[in-house]
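Engineer:
In full-length UniProt numbering, the protein residues as written are 1 to 602.
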């Protein structure tokens with residue numbers, strides 16, 4: 001005990017001095033704390049060396065330069081294998097929400113990820129990402145219910161340091177305008193990685209010559225109407241176009257078949273014209289092909305010859321490539337149109353036994369299509385994520401009842417737009433399921449009983465059309481939903497499904513967030529037994545903004561204002577990240593009102 005006390009006393013003074021040197025700035029404190037926590041040895045001398053590295057004036061007069069010196073310390077002490085991974089974030093614009101999977105696959109394509117004892121490259125890359133999070137060098141912005149960080153951002157000051165390091169080491173060249181490009185051309189920089197973060201006015205950005213021949217990664221963000229000639233990038237490994245809101249631009253990819261080193265290609269251009277080549281069989285190293293948009297009409301038929309392709313996202317309205325069963329390496333397959341695909345290729349899905357993610361769109365499946373699809377999905381024993389988006393319909397859908405042998409390792413099941421009469425019995429077999437999106441015709445106690453038995457379910461989004469019976473028609477009993485953390489219940493019919501539920505004592509013991517999608521004419525009645533949700537921290541009420549005002553909501557709701565802080569905000573339909581769980585048309589519902597209740601601390 002006395003030894004522990006001595007150690008605590010020894011480090012107490014040093015810790016106080018470090019806090020003083022950080023000037024009370026949260027970013028500085030967090031960065032230094034993470035740096036010290038990740039050191040293999042923790043001696044007083046080492047901590048004092050950190051103090052001596054900090055500027056003497058920072059405690060009383062913190063400046064941007066002094067702040068950068070603290071962040072630079074973290075970079076200096078970073079393991080060598082993580083340095084290029086951190087610097088690669090300089091490819092992204094300021095305040096960009098970065099998807100972990102995209103970043104990791106770009107690292108893999110660049111060769112930054114080591115092969116550790118035969119482990120999967122993506123898993124190793126994920127461990128790199130988590131280490132940067134733990135060192136507070138990047139900030140988590142989106143976390144799954146399993147606790148995994150799925151999105152991150154880079155603090156502005158950290159990004160500034162990263163960009164300056166990239167310039168010093170000629171790691172990444174960043175161009176914000178045509179002057180930047182002209183300077184690279186004039187000084188004949190040998191650009192290794194190029195990021196264009198330009199505006200639509202930079203039409204003269206085409207000053208690209210021999211200095212670009214060694215580029216390994218090229219990314220273009222923003223709304224520029226100019227895209228450079230890709231034929232200049234002979235050694236390109238990573239190609240990213242991110243134009244989510246740009247209209248009228250043509251993304252010319254007709255020459256990518258000549259980029260023989262290409263490993264990663266992602267185009268996000270929903271309102272652009274995307275021109276693809278007729279052949280791409282020469283891209284023997286291509287692992288990721290992601291075309292997110294509406295305008296690409298023809299996918300090269302020889303895509304099935306790409307033996308290393310593991311991630312494929314097709315444009316909306318595209319059928320499965322003929323001979324899809326040949327791409328045995330596929331792990332992710334998204335966004336094809338099931339009705340436009342041949343029965344042979346739908347049956348071929350069952351041969352893609354490495355699939356982990358499968359997502360597609362549907363409108364009205366014929367019996368033979370359903371049979372082929374059910375048979376194929378049943379063979380995908382390692383499938384983890386299944387997304388089936390159906391166009392919203394007033395008719396009930398029976399195909400979902402046909403599964404008799406579903407993949408039992410599914411952790412995420414989203415049946416967007418489907419309208420089921422009840423819960424298919426096979427869903428009760430999915431003991432690994434953590435996320436479930438369903439649309440039910442009749443909400444009843446029987447329905448919640450089946451779903452409530454799922455031992456791993458952490459997030460449930462349930463859209464209900466009708467209610468069986470009167471008040472408390474759906475009773476959630478003790479022991480139901482043992483690990484559920486997020487519940488979203490949406491009314492999509494004349495009945496108010498949100499008020500029919502009753503929570504018994506001991507039900508949903510871990511529920512922390514409850515969202516209720518309210519129909520017109522809601523009278524302020526909440527589900528029964530809300531007081532039994534002991535872990536509940538937030539309640540969201542989302543409804544059409546026009547007929548109900550914030551004042552009306554606050555005055556009619558039965559939630560006790562003494563226990564909850566009540567906040568209101570108007571949500572644009574375009575900004576509402578949960579808009580996919582509603583089946584209302586955008587023409588009728590232009591915006592939503594969200595009322596948030598935050599539990600007061602005792």
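Each residue gets a CB set at the ideal place from its N, CA and C atoms; glycine is no exception. It should be emphasised that the depicted structure is a prediction, and the values quoted were computed from it without experimental measurement.
Below 8 Å on the Cβ atoms is my guess for residue 243 versus residue 268; work out the distance and round it to an integer in Å.
Structural biologist: Residue 243 to residue 268, Cβ: 7 Å. Contact.
Engineer: Should residue 205 go down as buried or exposed, given a rule of 16 or more other Cβ atoms within 10 Å for buried?
Structural biologist: Residue confidence is low: residue 205 scores 49 on pLDDT, short of 50, so the model does not pin down where it sits. Its coordinate-derived value is still stated next. Classification of residue 205: buried, given that the 10 Å Cβ count is 16 or more.
Engineer: Which word fits residue 127, buried or exposed, when buried means at least 16 other C-beta atoms lie within 10 angstroms of its C-beta?
Structural biologist: Flag for residue 127 reads exposed.
Engineer: How close, in whole Å, do the beta carbons of residue 511 and residue 535 come, if the pair is a contact with beta carbons under 8 Å?
Structural biologist: 6 Å between Cβ atoms; contact.
Engineer: Run through DSSP, which three-state label would residue 180 get?
Structural biologist: Helix at residue 180.
Engineer: Name the residue from 477, 108 and 123 whose alpha carbon lies nearest to the alpha carbon of residue 445.
Structural biologist: Among 477, 108 and 123, the Cα nearest to that of residue 445 belongs to 477.
Engineer: With a threshold of 16 other CB atoms inside 10 Å of the CB of residue 598, please say whether the residue is buried or exposed.
Structural biologist: When all chains shown are included, residue 598 counts as exposed.
Engineer: Thinking C-beta only, is residue 440 closer than 7 Å to residue 447?
Structural biologist: Contact flag set, yes.
Engineer: Sort out for me which residues DSSP pairs residue 459 with in a bridge.
Structural biologist: Partner(s): 435 and 486.
Engineer: In whole angstroms, give me the CA-to-CA distance for residue 306 and residue 276.
Structural biologist: Rounded to the nearest angstrom, the two C-alpha atoms are 16 Å apart.
Engineer: What span of residues does the beta strand (DSSP E) with residue 140 cover, start to end?
Structural biologist: From DSSP, the beta strand (DSSP E) with residue 140 extends over 139-143.
Engineer: Counting only runs of 3+ residues fully inside the segment 271-335, write out the beta strand (DSSP E) ranges in chain order.
Structural biologist: The qualifying runs are 273-275, 288-292 and 311-313.
Engineer: Rounded to the nearest angstrom, how far is the Cβ of residue 280 from that of residue 256, given a contact under 8 Å?
Structural biologist: The Cβ separation is near 7 Å, so the contact holds.
Engineer: What's the gap between the Cα of residue 356 and the Cα of residue 97?
Structural biologist: Rounded to whole angstroms, residue 356 to residue 97 spans 24 Å at the Cα level.
Engineer: State buried or exposed for residue 81, treating a residue as buried only when at least 16 other CB atoms are found within 10 Å of its CB.
Structural biologist: When all chains shown are included, residue 81 counts as exposed.
Engineer: Taking only three categories from DSSP, how would you classify residue 382?
Structural biologist: Coil, per DSSP.
Engineer: From what residue to what residue does the alpha helix (DSSP H) around residue 447 run?
Structural biologist: Its alpha helix (DSSP H) spans residues 445-452.
Engineer: For a quick check, are the C-beta atoms of residue 457 and residue 484 less than 7 Å apart?
Structural biologist: In this structure, residue 484 lies closer than 7 Å to residue 457 by Cβ.
Engineer: List the whole-angstrom C-beta distance separating residue 480 from residue 507, where the pair is believed to meet the contact cut-off of C-beta under 8 Å.
Structural biologist: Sure, about 5 Å apart at Cβ, within 8 Å.
Engineer: Just how far apart, CA to CA, sit residue 147 and residue 189?
Structural biologist: The straight-line gap from Cα to Cα measures roughly 43 Å.
Engineer: According to DSSP, is residue 121 helix, strand or coil?
Structural biologist: Helix at residue 121.
Engineer: Output the boundary residues of the beta strand (DSSP E) element that contains residue 222.
Structural biologist: Per DSSP, residue 222 belongs to the beta strand (DSSP E) from 217-222.
Engineer: So, using beta-carbon positions, are residue 122 and residue 237 closer together than 7 Å?
Structural biologist: Not closer than 7 Å, so no.
Engineer: Classify residue 235: buried if its beta carbon has 16 or more other beta carbons within 10 angstroms, exposed otherwise.
Structural biologist: So residue 235 counts as exposed.
Engineer: Skipping 5 residues on each side, what residues in its chain have a beta carbon closer than 6 Å to that of residue 60?
Structural biologist: With a pLDDT of only 46 at residue 60, under 50, the local geometry of the prediction cannot be trusted, and no value is derived from it.
Engineer: Alpha helix (DSSP H) containing residue 646: first to last residue?
Structural biologist: For residue 646 there is no data in the structure shown, the boundaries of the chain being 1 and 602.
Engineer: Please report the distance separating the alpha-carbon of residue 264 from that of residue 195.
Structural biologist: Their backbone Cα atoms lie some 15 Å apart in a straight line.
Engineer: Kindly indicate the opening and closing residues of the alpha helix (DSSP H) around residue 342.
Structural biologist: Here residue 342 belongs to no alpha helix (DSSP H), and DSSP marks it neither H nor E.
Engineer: How far does the beta strand (DSSP E) with residue 268 in it extend, from its first residue to its last?
Structural biologist: Taken as a continuous stretch (DSSP letters only), the beta strand (DSSP E) holding residue 268 covers 264-268.
Engineer: May I ask you to report which of helix, strand or coil DSSP gives residue 92?
Structural biologist: It is coil, neither helix nor strand.
Engineer: Please determine, among 367, 365, 113 and 374, the residue with the shortest C-alpha to C-alpha distance to residue 349.
Structural biologist: Here the closest residue by C-alpha is 374.
Engineer: Measure the beta-carbon distance from residue 408 to residue 432 and round it to whole angstroms, keeping in mind my assumption that it falls under 8 Å.
Structural biologist: Confirmed, about 7 Å.
Engineer: With distance defined between alpha-carbon atoms, name the residue in 453, 84, 384 and 530 nearest to residue 354.
Structural biologist: Comparing Cα positions, the closest option is 384.
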